[in-house]
Every structure is written in C-alpha cells, then in structure tokens.
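Heads up: the structure comes next, in structure tokens.
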Amino acid sequence: MFARTERLLLRPGWQEDAPALARAIGEEGVVRNLATAPWPYREEQAMEFLAKPINPAEPRFLIFSRTGGSPRLVGGCGISPAPDGTLEMGYWIARPYWGLGFATEAGRQLIRIARAMNLPRLTAGHFVDNPASGAVLRKLGFRPTGQIAQRYSLARGGEAACALFEEGDGDSDAAVTPMRSRIGVDEDFRQELRLKAA
48 MFARTERLLL RPGWQEDAPA LARAIGEEGV VRNLATAPWP YREEQAMEFL AKPINPAEPR
108 FLIFSRTGGS PRLVGGCGIS PAPDGTLEMG YWIARPYWGL GFATEAGRQL IRIARAMNLP
168 RLTAGHFVDN PASGAVLRKL GFRPTGQIAQ RYSLARGGEA ACALFEEGDG DSDAAVTPMR
228 SRIGVDEDFR QELRLKAA
C-alpha cells in the first residue's frame, strides 16, 4: 500500500532502504522516544526491521519527503497493537526534519488509511519527556485520557512514564501547522503531565 500527501510519500520499507533508515533513525534522541527500536540502531537493525512481515491489518510505512529529485527518508509511521490490545498509532521523524509538520501530515494520512480499512478508533501515547509528540497528537484530533502508564522502551533499557491518548472527534484535516510555531502552546498540559508522572 502506498499513500501520498501534499509533501510526503508513505510506502512500505524495502531491504534497499536499510542504509537510509539506519541514518535517519540512528540517533539516540530519536530512538529513545520509541518503544521497540534498540539503541544503538545500525544498518543491521534496519535490515531486521525491514525483513519483518507486515500484517495487512497493521500497516506500517516509511515516510519520504517528495522533492524535485529523489525522495528523502524523513521518518516512519504505523499502526500496531498496544499493550492493552487496542490499535495504537505511532510515528517518528528524523531530527533534521523536526518542526516541519511532517509528523502531523503523515499522521493525518495514517488516520485516513485506518478509516478506509474500517479499523476501530486508534489510541496513541508518548513518553512524558517528549511533549512535542503530545502536541502532534492533539493536532491530529487525539485527546489525553488522563492516564500515565509505564511503558518499556528498548532503547532506554527500561520503563518510562507514557501519557495515553485516544482518538477523538476532532477535525484531523485542518491545515498543517509547523511545530516551531506550536511548541509553547501546550505548556499547561505538559505541566499537568509532569505532576501526574511525579
């Protein structure tokens, strides 16, 4: 399955993508925000990930920016089972592309795919020390459940506090707003999460 947005191409990963994937995700600041990616993340780990079979009911994509030349790998996204059995949306963006609205744009497309597949409402979460991801989820129409759960992170080598979200009724088709102009908007929510995690 392939999908296109105004600026992005979402497609399954291929073995040939392993070097680009290792370069894009292979930074501790990116990997530590994911649950199942190891650190360090090298080409060997990229090849193992790309060799895993894809369940059609749990789509996963690499995210490429569409340019005048060759597309550039900027991140990944997908839907997979959460620890509680619900279907959870996840995503990551390589550090050079933070703040450009790519996570929001890819997330909107992933939600459209989930609706087209008649999947149940999605859940999501983010480690509380990654509040920018919470801002993305809110822009996508997710709402916080008010629950903080301990989630294992392979890269961190242990559990960390994770804020849980559920898909709301909001309009996830609104215009993409670059993150740099949104960073301070959710400070009250971040403070609330810090208090709950303490």
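Residue numbers (this note's numbering): 48 to 245.
We put the CB at the ideal spot given by N, CA and C, even for glycine.
Among residues of its own chain, excluding the 5 on either side of residue i, which ones have a beta-carbon nearer than 7 angstroms to its beta-carbon?
i, result
"Trp86", "Glu75, Val78, Arg79, Ala202"
"Lys243", "Low per-residue confidence applies at Lys243: pLDDT is 39, beneath 50, and the placement is therefore not dependable enough to give any value."
"Leu187", "Thr151, Gly154, Arg155, Ile158, Ser219"
"Phe189", "Ala171, Phe212, Glu213, Glu214, Gly215"
What are the boundary residues of the alpha helix (DSSP H) that residue i is part of?
i, result
"Glu53", "Unbroken run through Glu53: none, as it is neither H nor E."
"Gly181", "178-186"
For residue i, report the span of its beta strand (DSSP E) as first-last.
i, result
"Gly154", "Note, Gly154: premise wrong, no beta strand (DSSP E); alpha helix (DSSP H) at 149-163."
"Trp139", "134-140"
Of the residues the options, which one's Cα is nearest the Cα of residue i?
i, options, result
"Ile126", "Arg119, Met136, Leu120, Pro118", "Met136"
"Glu91", "Pro191, Ser200, Pro130, Glu63", "Glu63"
"Gly193", "Pro118, Leu211, Ile110", "Leu211"
"Ile110", "Trp61, Thr133, Lys186, Gly204", "Trp61"
"Glu214", "Tyr199, Ser112, Gly204, Arg185", "Arg185"
"Pro128", "Ala163, Pro143, Thr83", "Thr83"
"His173", "Ile101, Leu81, Arg51, Pro66", "Leu81"
Thinking residue i and residue j are a contact (beta carbons under 8 angstroms), I'd like their distance in whole angstroms, please.
i, j, result
"Leu97", "Leu120", "Not quite, the Cβ-Cβ distance comes to about 12 angstroms (not below 8 angstroms), so this is no contact."
"Pro106", "Ile72", "Not really, about 18 angstroms apart at Cβ, beyond 8 angstroms."
Starting from the C-beta of residue i, find all residues in its chain whose C-beta is less than 8 angstroms away, skip the five residues before and the five after it, and write them out in chain order.
i, result
"Gln197", "Glu206, Ala207, Ala208, Cys209"
Within the same chain, show all residues whose beta-carbon is closer than 6 angstroms to that of residue i, passing over the 5 residues directly before and after it, in chain order.
i, result
"Phe49", "Arg58"
Sequence ranges, alpha helix (DSSP H) only - wholly within the stretch 62-117, length at least 4: 65-72, 75-78, 90-98
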